[in-house]
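I have placed the structure first, in the form of structure tokens, so that the comments after it can refer back to it.
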Amino acid sequence: MPPVDFCGMELAHPIVNGSGTFDAIAAHAVFGDALHEHFPFAAFVSKTITIAPRAGNPPPRLWETASGMINSIGLPNKGLAGYLESDLPKLAALPVPLITNVMGSTAAELCELVAACDEQDAIRAIELNVSCPNVKTGLDIGADPVSLAEVMRAVRPRTRKPLIVKLTPNTADVALVAAAAEAEGADAVSLINTLRATAQKPGASGEPWLGGVTGGMSGPAVRAVALAQVSAVAARVSIPVIGMGGVQRGEHAAQMLRAGATLVAVGTESFRDPAAGSRIARELRRLLEP
Amino acid sequence: MSLAPFGRRRGVCASIRKVGSYHLLELVDRDGPDPEPGQFYMLAAVSGWGAGTDERPFLPRAFSAMGGTDGRLWFMLEDIGPGTHRLARLQKGEPLWLTGPLGHGFRMPQDGRRPILTGGGVGVPPLVMWSQHLVEHGVARTLQFGFRDTSHAAVAASFDSVQIATDDGSVGHHGLVTDLLVRELDRDPHATVYSCGPPGMLEAVRRLCVDRGIPAQLALESGMACGFGACFGCVVPLVDGSYARVCVDGPVLDATALDHVPAH
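Here it is, written out as structure tokens:
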């Protein structure tokens, strides 16, 4: 399997992590240097960073579904200043390029985040979270091509680094949103983010189980949906696509590549096996090099 | 703290036997380091994981070790949901996935305080391991367990000098294990409490110890997807308004740091 060129970055293989599904700093404390020696991803995507620190949603935050799960985590993070000061030096020491994911509730916030990332040599690309469905900002920029285009027009001039737009599946026509991102200068798009979902408490109350009421669904249960959306977007745009959603094995990654993705992200499967990224890359290599 | 090898690995079910209401599971984990008391593992059967009620389980399940040495691990579980149901049906020689040992375990008592180990139900295993550790290090401990009934209490028959409470009064004290804890603390409060059990019991222990200014280390349980800090799903609220991840900040946390033990 030859190295993959992604927005000018040469990656050893096409497998990366989905934002918010792997904490490389916590994992290093748990697994030690073996994590860096066998790092499972060809690039590392940070969890979502916001301007102000966030504690995240009250528990319970998880619900297991048929062949998947719902999370309602609420984007806990140290805030931009905390990220730059305490997390970035550790993430810069990873053996792979760093992509930083940011979310703002306004174009101005996103501009500030992107401009701050632009100054950091350790950050090779920036991913815009315009889609996370489990935060009560009331704003879902990524569901609407017009408001996404507005935000992109404001944000694009703030950096020369590659800008990746993470698309939400919770919209009528994801390809239309992807086309709007491309038209306003996005260097790549990534999809799918989680599907909006909820669960009730066991028993007859009908009350929500999750502290955040709704969350996002992921895992193999969403793979077929993801494949359809990745196919539709890849057919519509000519910028690179990062495909994700329920990828558990090399064959699933190969399907994403056949659908037109350049990279494939692994998320929920890493929860079941911390080294899933390496295994999937290995399986993919065997499939592509018969 | 012993570091977990990176990635999940294949263990083998060496034996599984039913003792009253619980199953005792012995695994061969040749390549893993020995766990420390209070540490836990993520377990999943290799086959038939996902073929149960509602097509579950999907995620691995977290279990504190009941013991572990020389490539052998012991766990205790109760068949109450899709994950434990599948694990309870493991056959001798059957492979399973495990990741661990994970998390921070118990720490020795300070200032000559005597350890009181107060557990309930499936919270018993880490305390059994901690008790063994204390005894091996020449530290006298008080061990007290609460169970629902005789069938659940049967697992305690093999433990040395243990106080038992049952909800139905069929064995030992008729009432809560926290009654036994109060009795011990009234008798001699120069103690450190180690506790693990259902949320209601743990919360009662937390309040009791915080109110009396007695150090307490609580081994918490929480639904978690990963066990190594990735999912941020297993959080518990701290007094400073932030959340701690049970998997990487715990599972053993100081009672004074916790705002409360969540009821799920």
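Sequence order for the protein chains is A and B.
Residues 1 to 290 (our numbering) are what the first sequence spells out, left to right.
Residues 1001 to 1264 (our numbering) are what the second sequence spells out, left to right.
Ideal Cβ positions, reconstructed from N, Cα and C, are used throughout, including at glycine.
Residue burial classification, residue i (beta-carbon count within 10 angstroms, cutoff 16)
i	result
B:Lys1018	exposed
A:Gln255	buried
A:Ala281	buried
B:Gln1144	buried
B:His1264	exposed
A:Ala235	exposed
A:Arg121	Sequence inspection shows Asp at residue 121 of chain A; the Arg mentioned does not correspond to that position. Looking at its Cβ environment, which holds fewer than 16 other Cβ atoms inside 10 Å, A:Asp121 is exposed.
B:His984	With chain B running from 1001 to 1264 in the structure shown, residue 984 of chain B is simply not present.
A:Ser238	exposed
A:Thr21	buried
A:Ile73	buried
A:Thr137	In this prediction, A:Thr137 scores a pLDDT of 44, lower than 50, which makes its location untrustworthy; the coordinate-derived value is nonetheless stated afterwards. Exposed, by the Cβ-count rule.
A:Asp173	exposed
A:Arg153	exposed
A:Val222	buried
B:His1190	exposed
A:Ala204	exposed
B:Thr1178	buried
A:Gln229	buried
A:Val135	Summary for A:Val135: the model assigns pLDDT 38, below 50, so the residue's position carries little reliability; its value from the coordinates is reported in the next sentence. It is buried - the Cβ of A:Val135 has at least 16 other Cβ atoms within 10 Å.
Reference residue i, options the options, closest by Cα
i	options	result
B:His1173	B:Glu1203, B:Cys1196, B:Met1066 and B:Asp1149	B:Asp1149
A:Met103	A:Ala122, A:Asn77 and A:Ala92	A:Asn77
A:Asn17	A:Ile141, A:Val4, A:Ala172 and A:Pro274	A:Pro274
B:Thr1091	B:Ser1131, B:Glu1026 and B:Glu1078	Checking the sequence, you will find Gln at residue 1091 of chain B rather than Thr. The shortest C-alpha separation from B:Gln1091 is found at B:Glu1026.
B:Leu1185	B:Arg1113, B:Leu1059, B:Leu1043 and B:Pro1101	B:Arg1113
A:Ala116	A:Arg279, A:Val96 and A:Arg160	A:Arg160
A:Ile126	A:Thr214, A:Ala178, A:Pro162 and A:Val30	A:Pro162
B:Leu1059	B:Asp1070, B:Gly1071, B:Ile1080 and B:Leu1043	B:Leu1043
B:Phe1159	B:Val1139, B:Ser1131 and B:Leu1087	B:Ser1131
A:Phe271	B:Thr1118, B:Ala1062, B:Cys1013 and B:Leu1176	B:Ala1062
B:Gly1103	B:Met1201, B:Glu1078, B:Gly1227 and B:Thr1256	B:Gly1227
A:Trp209	A:Cys7, A:Ala27 and A:Pro60	A:Pro60
B:Ser1115	B:His1137, B:Glu1055 and B:Thr1256	Before going on, a small fix: residue 1115 of chain B reads as Pro here, not Ser. The residue with the shortest Cα to Cα distance from B:Pro1115 is B:His1137.
B:Ala1219	B:Leu1127, B:Val1177 and B:Thr1178	B:Leu1127
A:Arg196	A:Leu176, A:Phe6, A:Asn170 and A:Gly211	A:Asn170
B:Val1012	B:Val1235, B:Leu1098 and B:Gly1123	B:Leu1098
B:His1260	B:Gln1110, B:Pro1125, B:Cys1231 and B:Cys1209	B:Cys1209
A:Glu283	A:Val241, A:Leu263, A:Ala253 and A:Val264	A:Ala253
B:Ala1045	B:Arg1086, B:Arg1009 and B:Leu1253	B:Arg1086
B:Asp1188	B:Ala1156, B:Gly1093, B:Ser1002 and B:Arg1141	B:Arg1141
A:Gly56	B:Ala1255, B:Cys1247, B:Val1252 and B:Val1236	B:Val1236
A:Gly246	A:Arg54, A:Gly68, A:Trp63 and A:Val230	A:Gly68
A:His13	A:Thr65, A:Leu113, A:Phe44 and A:Leu128	A:Phe44
A:Gly211	A:Arg285, A:Asn71 and A:Pro290	A:Asn71
B:Val1205	B:Met1224, B:Ser1222, B:Arg1183 and B:Phe1075	B:Arg1183
Limits of the unbroken alpha helix (DSSP H) element including residue i
i	result
A:Ile292	The structure shown has nothing for residue 292 of chain A, since chain A only spans 1 to 290.
B:Trp1130	Val1124 to Glu1136
A:Pro293	Residue 293 of chain A lies beyond the stretch modelled for chain A, which goes from 1 to 290, so this question has no answer here.
A:Ser278	Ala276 to Leu288
B:Ser1015	No alpha helix (DSSP H) holds B:Ser1015; the beta strand (DSSP E) holding it covers Arg1009 to Val1019.
A:Ser270	Thr268 to Arg272
A:Glu150	Pro145 to Val155
A:Val233	Arg223 to Arg236
B:Asp1254	Where B:Asp1254 is concerned, there is no enclosing alpha helix (DSSP H), although the beta strand (DSSP E) it sits in stretches over Val1252 to Asp1254.
B:Leu1025	B:Leu1025 -> not in any alpha helix (DSSP H); beta strand (DSSP E) instead, spanning Tyr1022 to Val1028.
B:Val1236	It is not in any alpha helix (DSSP H) - B:Val1236 instead sits in the beta strand (DSSP E) that spans Val1235 to Pro1237.
Limits of the unbroken beta strand (DSSP E) element including residue i
i	result
A:Met256	Segment Gly250 to Arg258 is the alpha helix (DSSP H) holding A:Met256; no beta strand (DSSP E) there.
A:Leu110	Taken as a continuous stretch (DSSP letters only), A:Leu110 belongs to no beta strand (DSSP E), being part of the alpha helix (DSSP H) at Ala107 to Asp118.
A:Ser218	Thr214 to Ser218
A:Met9	Met9 to Leu11
Within-8 Å CB hit, residue i to chain C
i	result
B:Pro1262	Checking the listed chains, one finds no chain C in this structure; the protein chains it contains are A and B.
Taking a Cβ distance cut-off of 8 Å, strictly less, list which residues of the stretch 1086-1106 of chain B are near chain A, in chain order. Trp1097, Thr1099 and Leu1102
Contact set between the stretch 1047-1068 of chain B and chain A, restricted to residues whose Cβ is under 8 Å from the partner: Gly1050, Asp1054, Glu1055, Arg1056, Pro1057, Phe1058, Leu1059 and Pro1060
Which residues, in order along the stretch 1002-1014 of chain B, keep a beta-carbon less than 8 Å from a beta-carbon of chain A? Leu1003, Ala1004, Pro1005, Phe1006, Gly1007 and Arg1008
If we require 3 or more residues per run, which beta strand (DSSP E) segments fall completely within the stretch 20-86 of chain A? 44-49, 62-65 and 68-71
Along the stretch 1214-1234 of chain B, what residues have a CB closer than 9 Å to any CB found in chain A? Ser1222, Gly1223, Met1224, Ala1225, Cys1226, Gly1227, Phe1228, Gly1229, Ala1230, Cys1231, Phe1232, Gly1233 and Cys1234
Which ranges does the alpha helix (DSSP H) cover as unbroken runs of at least 4 residues, wholly within the stretch 171-205 of chain A, from first to last along the chain? 174-183
Any residues in the stretch 70-91 of chain A with a beta carbon nearer than 8 Å to a beta carbon of chain B? Which ones, in chain order? Asn71, Ile73 and Pro76
Using a Cβ-Cβ cutoff of 9 Å, what residues of the stretch 1238-1253 of chain B are near chain A? List them in chain order. Gly1241, Ser1242, Tyr1243, Arg1245, Cys1247 and Val1248
Compile a chain-ordered list of the residues in the stretch 199-210 of chain A whose CB is closer than 7 Å to at least one CB of chain B. none
Using a Cβ-Cβ cutoff of 7 Å, what residues of the stretch 272-287 of chain A are near chain B? List them in chain order. Arg272, Asp273, Pro274 and Ala275
Closer than 7 Å, Cβ to any Cβ of chain A: which residues of the stretch 1024-1038 of chain B, in chain order? none
Every unbroken alpha helix (DSSP H) inside the stretch 1127-1202 of chain B [4 residues or more]: 1150-1153 and 1177-1187
What are the uninterrupted segments assigned as beta strand (DSSP E) that are 3 or more residues long and contained completely in the stretch 1062-1104 of chain B, given in chain order? 1067-1069, 1072-1077 and 1095-1102
Return the residues of the stretch 38-50 of chain A that lie within a Cβ-Cβ distance of less than 9 Å from chain B, sorted by chain order. His38, Pro40 and Lys47
Give me the subset of the stretch 151-168 of chain A whose CB atoms are less than 8 Å from a CB atom of chain B, sorted by chain position. none
Can you give me, in chain order, the residues of the stretch 50-70 of chain A that have a beta carbon less than 7 Å from any beta carbon in chain B? Ala55, Gly56, Pro59, Pro60, Arg61, Leu62, Glu64, Ala66, Ser67, Gly68 and Met69
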